[in-house]
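K.L.:
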Amino acid sequence: MIKIKDLHKNYNGLVVLNGVSVDIPEGETLAVIGPSGCGKSTLLRLILRLEEPTKGSIEIDGQNIARLSEDGLIKIRRKIGMVFQSAALFDSMSVYENVAFALREQNHFTEAEIKKVVKQKLELVELPGKENVMPSELSGGMQKRVSIARALAFDPRIILYDEPTTGLDPVTSTTIENLINKLSRELKVTSIIVTHQLSTIFRTAHRIIMLDQGRFILGGTVAETKRSDNPIIKKFITAGGET
Amino acid sequence: MIEKLGHATLDFLEEFGRTSQLFLNTIASILSGKTNPRLVIEQMVKIGIDSLPIALTSAAFVGMVFAVQIATEFVRFGASKYVGGVMGIAVARELAPALTGVVIASRVAAAIAAEIGTMKVTEQIDALNALGTNPVRYLVIPRFIACTLMLPILTIFADILCFFGGYVVSVYLIKINAVDYMNSAQQLMKYSDVYGGIFKSLIFGMIISIIACSKGLGTKGGAKGVGEATTSSVVASLMALFVVNYFLSVLLFK
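Those protein sequence lines, which keep their order, are chains A and B. Using this note's numbering, read the first sequence as starting at 825 and increasing by one per residue. Using this note's numbering, read the second sequence as starting at 57 and increasing by one per residue.
Here's what the structure looks like:
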């Protein structure tokens, strides 16, 4: 369970988030929509505490993440998988090493166990046999899938997706959307998807909220969103997500 | 003009504060035993072994050219028997540590800042954090320890090569007596000259690595930002090295 209360974030006086509040129950796939630069990615960075909020709080499983020690924060982060917009794979490491990274760093697993987990996660993202390939040799969609496999290494209960399908062709986008649904269905993970891709929003989300001028302006299902009378939502959907 | 000067001063103080904070974090993490030996060894090879050719070639030729300059003059004034001693003191106290520091600052500071800077602008540092790995532990500590340990070792090799580079030129080119060269070195040099030089190189190793890591972690923007971080890491490392070298020399050898 994630509870976001009255979250504010300013950068040098520029207001990005202006009192955002939302509860995300376990197992839900929440899509956060909005135009580029509206603060969607910032929200994910704040949930991971990659940045500090100007005001407000974020609770994960009842723990206020701002009050956690370094070790406590590491424990929370290992419950969360993050798929970055740029995939952010470690470019000096092979696919295997990328997926194995967090497990190796923890020092609790044997190499045989790590190998098994990597194989399983790569199969899950439909990239078996790519262990020895370097990230630079993969297409954008494949990199995103490796990024998902890496995020899944610890079997996280929460997955944050930052623009998982932006810039990908429709076929690859559909593959990733299917994967997001599969993870939600089979692993029962809580997902927050930040995107402005309508197909991703409509195919994956249980609930949709829109960020506009630093505030949430809607909370509803896909059907409710499509029927919404709110002019900002209407404009967003009519424009195909590119307001 | 005054406004620009004010901004430059504030930028410098901010940079100095961030680097000092990183240094303290690094020391605290090392003391709490949060070090990965595999990563340290990897960096020791990159920073130390891979720098051997350039460090030793520079040392040997600087020793040789220094000998050409001083031995010729010493012979002219009838002081040829002091060449070895002067050479030894100059090499141990200044030439070897400073030269090795300059070589490592140019080669390693640039590489560290470029690598960490690229990771920063491509969200790889964020990915480390997201995967529950502290970037200071994973990236900074191994480079800091490796640089701090390898610079003195490289300096010891540079001491030997630089001194014997001078020996070759003095004895075989300037025709100074080989025994005189070695005897004067033995008589004029003190152990503290060698230890002092090695101690200085240890401090240089800390300075170079921490500045390079700080510049890398502070990288903003894309390729341009990485380029700027790389350049400024070499410039800042060299400036810090020369300033600290002066004060350490006064402190250790005056």
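Glycine included, every Cβ here is placed at the ideal spot set by N, Cα and C.
With a threshold of 16 other CB atoms inside 10 Å of the CB of Asn-190/B, please say whether the residue is buried or exposed.
P.N.:
Stepping through the second sequence from its first residue, residue 190/B is reached at position 134. Label assigned to Asn-190/B: buried.
K.L.:
Give me, in chain order, the residues of the same chain whose beta-carbon lies closer than 7 angstroms to that of Val-177/B; leave out the 5 immediate sequence neighbours on both sides.
P.N.:
Residue mapping note: residue 177/B aligns to position 121 of the second sequence, counting from 1. Counting only Cβ-Cβ distances below 7 angstroms, and skipping sequence neighbours, we find Thr-275, Gly-277, Gly-278, Gly-281 and Val-282.
K.L.:
Please determine, among Gln-909/A, Val-907/A, Ser-860/A and Ala-975/A, the residue with the shortest C-alpha to C-alpha distance to Val-923/A.
P.N.:
Residue mapping note: residue 923/A aligns to position 99 of the first sequence, counting from 1. If we check each option's Cα against that of Val-923/A, Ala-975/A comes out closest.
K.L.:
Could you tell me whether the segment 834-845 of chain A touches the segment 137-157 of chain B, where touching means 3 or more Cβ pairs closer than 8 angstroms?
P.N.:
Not touching, per the Cβ criterion.
K.L.:
Rounded to the nearest angstrom, what separates Asp-249/B and Ile-259/B at their Cα positions?
P.N.:
Position 193 of the second sequence, counted from the start, is the residue given in the question as residue 249/B. Position 203 of the second sequence, counted from the start, is the residue given in the question as residue 259/B. Looking at the two C-alpha atoms, the distance is approximately 16 angstroms.
K.L.:
Which same chain residues, not among the five before or five after Thr-1067/A, have their C-beta less than 6 angstroms away from its C-beta?
P.N.:
Working through the first sequence from its first residue, we reach residue 1067/A at position 243. Caution applies to Thr-1067/A, whose pLDDT of 48 falls short of 50 and renders its modelled position unreliable; the value that the coordinates give is listed next. Answer for Thr-1067/A: Pro-859, Lys-1059 and Phe-1060, listed in chain order.
K.L.:
Please return the same chain residues whose Cβ sits closer than 8 angstroms to the Cβ of Gln-1021/A, not counting the five positions on each side in sequence.
P.N.:
As a first step, residue 1021/A must be located in the first sequence, where it is residue number 197. Once the five neighbours on either side are set aside, the close Cβ partners of Gln-1021/A are Glu-987, Thr-989, Thr-990, Ser-997 and Gly-1065.
K.L.:
How big is the Cα-Cα spacing for Ile-889/A and Phe-1026/A?
P.N.:
By one-based count along the first sequence, residue 889/A stands at place 65. By one-based count along the first sequence, residue 1026/A stands at place 202. Ile-889/A and Phe-1026/A: Cα-Cα distance of roughly 31 angstroms.
K.L.:
Mind checking if Leu-872/A is an interface residue toward chain B, Cβ cutoff 8 angstroms exclusive?
P.N.:
Numbered from 1 along the first sequence, position 48 holds the residue referred to as residue 872/A. Chain B, which has a Cβ nearer than 8 angstroms to the Cβ of Leu-872/A, makes this yes.
K.L.:
Three or more beta-carbon pairs under 8 angstroms between the segment 889-900 of chain A and the segment 854-868 of chain A, yes or no?
P.N.:
No, the segment 889-900 of chain A is not in contact with the segment 854-868 of chain A.
K.L.:
Using a beta-carbon distance cut-off of less than 7 angstroms, what residues from the segment 165-186 of chain B approach chain A?
P.N.:
Under the 7 angstroms Cβ criterion, the segment 165-186 of chain B contributes Thr-178, Glu-179, Gln-180, Asp-182, Ala-183, Asn-185 and Ala-186.
K.L.:
Can you tell me which of the three DSSP states Val-839/A falls into?
P.N.:
The residue given as residue 839/A occupies position 15 in the first sequence. Val-839/A falls in the strand class under three-state DSSP.
K.L.:
Report the option in Tyr-985/A, Thr-853/A, Met-1034/A and Asp-885/A whose CA atom is closest to the CA atom of Ser-845/A.
P.N.:
Position 21 of the first sequence, counting from 1, holds the residue named residue 845/A. Answer by Cα proximity: Met-1034/A.
K.L.:
Output, in chain order, the set of chain B residues within a Cβ distance shorter than 7 angstroms of Met-906/A.
P.N.:
For the purposes of this step, residue 906/A is taken as the residue at position 82 of the first sequence. Ala-186, listed in chain order.
K.L.:
If Ile-126/B and Val-142/B are in contact, beta carbons under 8 angstroms, what's the gap, nearest whole angstrom?
P.N.:
One-based indexing of the second sequence puts residue 126/B at position 70. One-based indexing of the second sequence puts residue 142/B at position 86. Right, their Cβ atoms sit about 6 angstroms apart.
K.L.:
For chain A, is any of its Cβ atoms less than 8 angstroms away from the one on Phe-286/B?
P.N.:
Stepping through the second sequence from its first residue, residue 286/B is reached at position 230. It should be noted that the sequence gives Thr, not Phe, for residue 286/B. It does not: the Cβ of Thr-286/B has no partner Cβ on chain A nearer than 8 angstroms.
K.L.:
Could you list the residues in the segment 918-939 of chain A with a C-beta less than 7 angstroms from some C-beta on chain B, going in chain order?
P.N.:
Within the segment 918-939 of chain A, the qualifying residues are Phe-925, Ala-926 and Glu-929.
K.L.:
Can you pull the chain A neighbours of Thr-82/B, defined as C-beta to C-beta under 8 angstroms?
P.N.:
Locating residue 82/B in the second sequence gives position 26, counting from the first residue. Under the 8 angstroms cutoff, chain A gives no residues; its nearest Cβ is about 14 angstroms from Thr-82/B.
K.L.:
Taking Ser-860/A as the query, report the chain B residues whose CB atoms sit under 8 angstroms from its CB, ordered along the chain.
P.N.:
Against the first sequence, residue 860/A aligns to sequence position 36. Per Cβ cutoff of 8 angstroms: no residues; Ser-860/A is ~16 angstroms from chain B at best.
K.L.:
How would you write the range of the beta strand (DSSP E) that Thr-853/A sits in, first residue to last?
P.N.:
On the first sequence, position 29 is the one that residue 853/A refers to. Residues 853-857.
K.L.:
Taking contact to mean at least 3 C-beta pairs separated by less than 8 angstroms, is the segment 878-897 of chain A in contact with the segment 938-948 of chain A?
P.N.:
Because the criterion of three Cβ pairs below 8 angstroms is not met, the segment 878-897 of chain A and the segment 938-948 of chain A do not touch.
K.L.:
Per the DSSP calculation, Arg-1009/A is bridged to which residue(s)?
P.N.:
As a first step, residue 1009/A must be located in the first sequence, where it is residue number 185. Arg-1009/A is not bridged to any residue.
K.L.:
Between which two residues does the beta strand (DSSP E) carrying Thr-1014/A extend?
P.N.:
For the purposes of this step, residue 1014/A is identified with residue 190 of the first sequence, where counting begins at 1. Taken as a continuous stretch (DSSP letters only), the beta strand (DSSP E) holding Thr-1014/A covers 1014-1018.
K.L.:
Could you check the C-alpha separation between Glu-852/A and Ile-83/B for me, to the nearest Å?
P.N.:
Within the first sequence, the letter at position 28 stands for residue 852/A. Within the second sequence, the letter at position 27 stands for residue 83/B. Going from the Cα of Glu-852/A to the Cα of Ile-83/B covers about 43 angstroms.
K.L.:
In chain B, what lies closer than 7 angstroms to Arg-811/A by C-beta?
P.N.:
The structure shown does not extend to residue 811/A, since chain A is modelled only from 825 through 1067, so no value can be given for it.
K.L.:
Buried or exposed: where does Glu-935/A fall if 16 or more other Cβ atoms within 10 Å of its Cβ makes it buried?
P.N.:
Working through the first sequence from its first residue, we reach residue 935/A at position 111. Flag for Glu-935/A reads exposed.
K.L.:
Alpha carbon to alpha carbon, how far is His-1030/A from Cys-862/A? Give it in angstroms, no decimals.
P.N.:
In the first sequence, the residue the question calls residue 862/A occupies position 38. In the first sequence, the residue the question calls residue 1030/A occupies position 206. Spanning the two alpha carbons is a distance of roughly 21 angstroms.
K.L.:
According to DSSP, is Gly-89/B helix, strand or coil?
P.N.:
Here residue 89/B is taken as the residue at index 33 of the second sequence, counted from 1. Three-state DSSP puts Gly-89/B in coil, outside helix and strand.
K.L.:
Determine the direct distance from the alpha carbon of Leu-927/A to that of Met-262/B, and round the result to whole angstroms.
P.N.:
For the purposes of this step, residue 262/B is taken as residue 206 along the second sequence, with counting starting at 1. For the purposes of this step, residue 927/A is taken as residue 103 along the first sequence, with counting starting at 1. Computed Cα separation, rounded: 30 angstroms.
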